[in-house]
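There are 2 protein chains.
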Amino acid sequence: MTIQPPETATRMRSDERRELILAAATSVFGERGYVGTTTDAIARAAGVSQPYVVRMFGTKEALFLEVLQRALDRLLATFRAAIADPTPVAGPDDTLGHRIGMSYAELLLDRGLLLSLMHSFLLGADPVIGAAARAGFLSVYRLLREEAGFSAEETDQFLAHGMMMNTMVGLRMADEYADGDPCAKDLLETAMPQKLELLLRTTAENTPA
Amino acid sequence: MTIQPPETATRMRSDERRELILAAATSVFGERGYVGTTTDAIARAAGVSQPYVVRMFGTKEALFLEVLQRALDRLLATFRAAIADPTPVAGPDDTLGHRIGMSYAELLLDRGLLLSLMHSFLLGADPVIGAAARAGFLSVYRLLREEAGFSAEETDQFLAHGMMMNTMVGLRMADEYADGDPCAKDLLETAMPQKLELLLRTTAENTPA
DNA sequence: GTCTATAGGGCGATAGAC
DNA sequence: GTCTATCGCCCTATAGAC
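Heads up: the sequence lines are chains A and B, in that order.
Residue 209 is where the first sequence ends in the UniProt record's numbering, and the numbering goes up by one at each step.
Residue 209 is where the second sequence ends in the UniProt record's numbering, and the numbering goes up by one at each step.
1. With 16 as the cutoff for other CB atoms within 10 Å, does B/Arg55 come out buried or exposed?
2. Ends of the alpha helix (DSSP H) at A/Gln157?
3. What in chain A is Cβ-close to B/Leu171, meaning under 9 Å?
4. Less than 8 Å between the C-beta atoms of A/Ala132 and A/Leu68, yes or no?
5. Quick check: does the Cβ of B/Gly124 come within less than 7 Å of any heavy atom belonging to the ligand ATP?
6. Sorted by chain position, which residues of the same chain lie with C-beta nearer than 8 Å to A/Gly112's C-beta, five sequence neighbours on each side aside?
7. Tell me, please, whether the segment 148-158 of chain A touches the segment 83-103 of chain A by the rule of three or more beta-carbon pairs shorter than 8 Å.
8. Mapping the DSSP letters down to three states, classify B/Lys60 as helix, strand or coil.
9. Taking B/Val35 as the query, report the chain A residues whose CB atoms sit under 8 Å from its CB, ordered along the chain.
10. On a CA-only basis, which of B/Phe79, B/Ala160, B/Ala191 is nearest B/Met118? Give me that one, please.
11. In angstroms, rounded to a whole number, what distance separates the CA positions of A/Thr203 and A/Gly33?
12. Mind checking if A/Arg142 is an interface residue toward chain B, Cβ cutoff 8 Å exclusive?
13. Who are the Cβ neighbours of B/Leu108 in its own chain at under 7 Å, not counting the five residues just before and after it?
14. Within the continuous alpha helix (DSSP H) that includes B/Met102, where are the two ends?
15. Which of the three DSSP states, helix, strand or coil, is assigned to B/Ala133?
16. Output the residue ranges of the alpha helix (DSSP H) runs that lie fully inside the segment 9-81 of chain A and measure 4 residues or longer, sorted by chain position.
17. Going by DSSP in three states, B/Met118 sits in which element: helix, strand or coil?
18. Just checking, does the segment 132-149 of chain A make contact with the segment 130-146 of chain B on the three C-beta pairs under 8 Å criterion?
19. When you check each C-beta in the segment 80-103 of chain A against every C-beta of chain B, which residues fall closer than 8 Å?
20. Locate the alpha helix (DSSP H) running through B/Glu147, then write down its first and last residues.
21. Find the residues of chain B that neighbour A/Thr190, judging by a C-beta separation of less than 8 Å, and give them in chain order.
22. On a CA-only basis, which of A/Leu188, A/Ile129, A/Thr167 is nearest A/Val35? Give me that one, please.
23. Check the Cβ of B/Ala24 against every Cβ in chain A and list those closer than 9 Å, keeping chain order.
24. Taking only three categories from DSSP, how would you classify A/Pro193?
25. Relative to the C-alpha of A/Glu61, which candidate in A/Thr167, A/Ala148, A/Ser120, A/Arg13 has its C-alpha closest?
26. So with Cβ pairs under 8 Å, would you call A/Glu19 a contact of chain B?
Spelled out as structure tokens, the structure:
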């Protein structure tokens, strides 16, 4: 009883593996979507065997649901931090909307997080994933209304531009920008002001598809 | 030479079948996405055999690309008609943005059209589909800027709310609305003013998944 | 032109060794 | 706890009859 039970060390390791797999799954799900992702691709990205991934989470669907829940928790926590943080952001626009918007854009750095959510938003017809996705979206809506104090119109503006940003990321529109397309340049500079640099950084890392 | 060649009658029929399959494919792709859709599901929806679908379009990918192209052509034509149409719409808001926005919402009646496009917008990592999706999105952007005369900011607003609407449809958020969720009610009434009735009509038809 | 039958490959999940 | 091996299913695409 004086020493830790022997399982502790291994369980620690197991938890780390779990986090590693969840991170890999978030990335791959974000890139290829729920159906387009194979448990083998996740396993390779995490450096483990495919059956191990399935064993640890039961099913591919359960794994995706956990990725969604983590992404949502992270998103809500980020917004709450932005609401609570009294530090003003750089630049002339220091509204709460802008602060939360910038914190949203920073989530781009977590590879696949916003895209995994976005993919779930198109799976509303799926009885399990669709229900989770709707509940998740509504919880974000509620936070903005009730905790950030946004009006219905402000919330709509905020969410619409969030969906636009997710779409730009999903489209890999930054590739056109990098190729010098002037149209893509206008589009991205207007759709993601002050966030474009962040996007381009993320894209460079994600190049090896 | 006085009579039509005998192929004509059958070719007519073949074209009708082709349109039938394209309509079915648009619906199913919109509902389940590119990867989640089986050629067999499309075939059943169109009342033909699965190999016939593949034979007619070569591959599932080629079929999806044709669905995308048709959807895009339809979208661009709809916008051009709204720009050219001098008839004012009902209600106090008779800006060009509102007219085009309403014409966009009417595309909801074509089952799966906007959702098939939206699904392609998340497949930017796919070398073939991603390239087509980016080009398609940019062609819409160009039309709004050059033909509708929108500023960069107006275009951003328009597109952002379009993506928001697509997301609401993909999420089946109207189901929550129908279940009486007050949060979903606020959300939808603000995100899709004057278009909600249109959405609810579409959803009712799409109930059998 | 449209079908039935089926090949061929890939995927999620299970069994079982270590 | 993690692996290798493998089952069984499903899906795209092809072959070939009518």
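All C-beta atoms, glycine included, are put in the ideal place defined by N, C-alpha and C.
Keep in mind that this is a model prediction, so the values were computed, not measured.
Let me spell this out:
1. Around the CB of B/Arg55, fewer than 16 other CB atoms lie within 10 Å, so the residue is classed as exposed.
2. Taken as a continuous stretch (DSSP letters only), the alpha helix (DSSP H) holding A/Gln157 covers 152-171.
3. Going along chain A in sequence order, the residues near B/Leu171 (Cβ under 9 Å) are Ser120, Phe121, Leu122, Leu123, Gly124, Gly130, Ala133, Arg134, Phe137.
4. Yes, they are a contact pair.
5. Although the ligand ATP was asked about, the structure shown includes no ligands whatsoever.
6. Excluding positions up to five away in sequence, the list reads Thr26, Ser27, Val28, Phe29, Gly30, Glu31.
7. Touching, yes, given that three or more Cβ pairs across the two stretches are closer than 8 Å.
8. If DSSP states are grouped into helix, strand and coil, B/Lys60 belongs with the helices.
9. Within chain A, the residues Arg32, Gly33, Val35, Gly36 have their CB atoms less than 8 Å from the CB of B/Val35, given in chain order.
10. If you compare the alpha carbons of B/Phe79, B/Ala160, B/Ala191 with that of B/Met118, the shortest gap goes to B/Ala160.
11. Cα-Cα distance, rounded: 17 Å.
12. Output row for A/Arg142: interface = yes.
13. Answer for B/Leu108: Leu114, Val169, Leu198, Leu199, Thr202, listed in chain order.
14. Counting along the chain, the alpha helix (DSSP H) containing B/Met102 begins and ends at 96-106.
15. B/Ala133: helix per DSSP, three-state reduction.
16. The segment 9-81 of chain A contains these whole alpha helix (DSSP H) runs: 39-46, 50-57.
17. Helix at B/Met118.
18. Touching, no.
19. Within the segment 80-103 of chain A, no residue qualifies.
20. Counting along the chain, B/Glu147 falls outside any alpha helix (DSSP H), and DSSP gives it neither H nor E.
21. Within chain B, the residues near A/Thr190 are Ala152, Glu153, Thr155, Asp156.
22. The shortest C-alpha to C-alpha distance from A/Val35 to any of A/Leu188, A/Ile129, A/Thr167 is the one to A/Ile129.
23. Simply none; closest approach about 16 Å.
24. Looking at A/Pro193 - three-state DSSP - the assignment turns out to be coil, as it is neither helix nor strand.
25. For A/Glu61, the nearest C-alpha among the options comes from A/Ser120.
26. By the rule that beta-carbons nearer than 8 Å mark a contact, A/Glu19 does not touch chain B.
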